[in-house]
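All the letters of the sequence shown, read from the start, carry residue numbers 1 to 353 under the working numbering. Here a beta-carbon is modelled for each residue, glycine too, at the ideal position from N, C-alpha and C. Remarks on the structure that follows.
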Amino acid sequence: MKEIAKRYIKDTDITKEEWIELLGCAEDPDTVQGLAKEAVRIRKQYYGEKVYVRGLIEFTNYCKNDCYYCGIRRGNLHACRYRLRKEEILDCCREGYQLGFRTFVLQGGEDRWFTDERMAEIIRAIRETYPDCAITLSIGERSKESYRLFRQAGADRYLLRHETANERHYGTLHPSSMSLAVRKQCLHDLRELGYQVGAGFMVGSPGQTLNCLAEDLMFLKELKPHMVGIGPFIPHHDTIFAKEPAGSVSMTLYLLSLIRILLPQVLLPATTALGTLDPKGREKGLSVGANVVMPNLSPVQNRKQYDLYDNKICTGEEAAECLVCLAQRVQRVGYHLVHERGDAYGIEKEPIL
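Next up, the structure:
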């Protein structure tokens, strides 16, 4: 194992230059295996052999933003748009609850139709019907007062991937109307309001360098999120990055190990994107430190329409209806699915401010 990796295991407080050196070791088998072994040891220390399962409900693919990499961006006129009604969202929750899910993740584009009041009404309905479940939101940038309203309505967690912590790189991926400073402020607002907060980034996105990744990891160390979602970049045919190469599965796995060591108690998903590029991608993710999977609870007819990137898997064993199949796959790599809320280790009920 490289010397920098040995130092990292003992002390994650390293400089940006050392981060870049460590990231450059991603092709060294001894380093990769050594860090994965340490990541698994830490993961088992806090979470044992549990893999938490979340029910993903992709309730709208309308979005006001025009992020250059995203298949549901505003400017994609070929996207087949849909919105779920409150009753349809509650139907997804009912089905998920019967299947054993105790966390529902409401994910959507930044859809102006879902005003603060409409979102709060949906959250309250889920909270009243399923008081023992966690409610996670992933609906982008909103004001602090909006986040406060959702928290008061019953939301527990919020996923907001920062995508890149490098200002120049952020401008490569997003139009000038969007700001990295605003994205970071949203994450800090969410933490202040008592959410369990999730950040994250794409691996191998256009223009990304080891310097960018080093800044991502440094930002995660500063933010200390409860969850981190990373996955390989996958191009979409209706974006300007259609012909860009996909991100590396091996680099994604390496980063999962680094993040587990950096944030020992973090909730770390083995993402759909990982499973899209590699049929055993999620199992590999679990084998290097991940401990969450997110099967799809969305209506079957809408799953293909939530088209963030090409060839996204949305039926079969990654679907909520085949939890038995998924459980068997998880078991084959030495873990087991659990039907619990699955809060971050040591989390206490946060005050609603």
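Restricting attention to G75, L213, T252, the CA atom closest to the CA of I240 is found in G75.
In the three-state reduction of the DSSP assignment, E215 falls in the helix class, which pools H, G and I.
Our two residues, C322 and R329, have alpha carbons roughly 11 Å apart in a direct line. As summarised for the segment 16-61, the continuous alpha helix (DSSP H) elements at least 4 residues long and confined to that stretch are 16-23, 29-47, given in chain order. Going by C-alpha positions, Q208 is about 16 Å away from C67.
Looking at R73, L255, V338, L220, the one whose alpha-carbon comes closest to that of H237 is R73. A contact between stretches requires three or more CB pairs, one per stretch, nearer than 8 Å, and the segment 297-305 fails this requirement with the segment 254-273. One alpha carbon belongs to R43, the other to G24, and they sit about 24 Å apart. F150: member of the alpha helix (DSSP H) spanning 144-153, first to last residue. Restricting attention to alpha helix (DSSP H) runs no shorter than 4 residues, the segment 166-222 encloses them at 167-173, 180-192, ordered along the chain. In this chain, the alpha helix (DSSP H) harbouring T276 covers 272-277. Counting only residues of its own chain and dropping the five nearest sequence neighbours on each side, A125 has a CB closer than 7 Å to the CB of K86, L90. Straight-line spacing of the CA atoms in R341 and Q331 works out to 20 Å. Counted as a single uninterrupted DSSP element, the alpha helix (DSSP H) harbouring Q98 occupies residues 86-99. With a 10 Å radius around the Cβ and a threshold of 16 neighbouring Cβ atoms, V105 comes out buried. Within the same chain, V338 come within 6 Å of K50 by CB-CB distance, once the 5 residues on both sides are set aside. Sequence-distant Cβ neighbours of G108 in its own chain, meaning closer than 6 Å and more than five residues away, are F59, T60, I139. In the three-state reduction of the DSSP assignment, T129 falls in the helix class.
Residue environment analysis places T129 among the exposed positions, since fewer than 16 neighbouring C-beta atoms fall within 10 angstroms of its C-beta.
With a cutoff of 7 Å on beta-carbon distance, Y195 and L180 are scored as not near each other. The segment 242-255 and the segment 16-34 touch, with three or more beta-carbon pairs separated by less than 8 Å.
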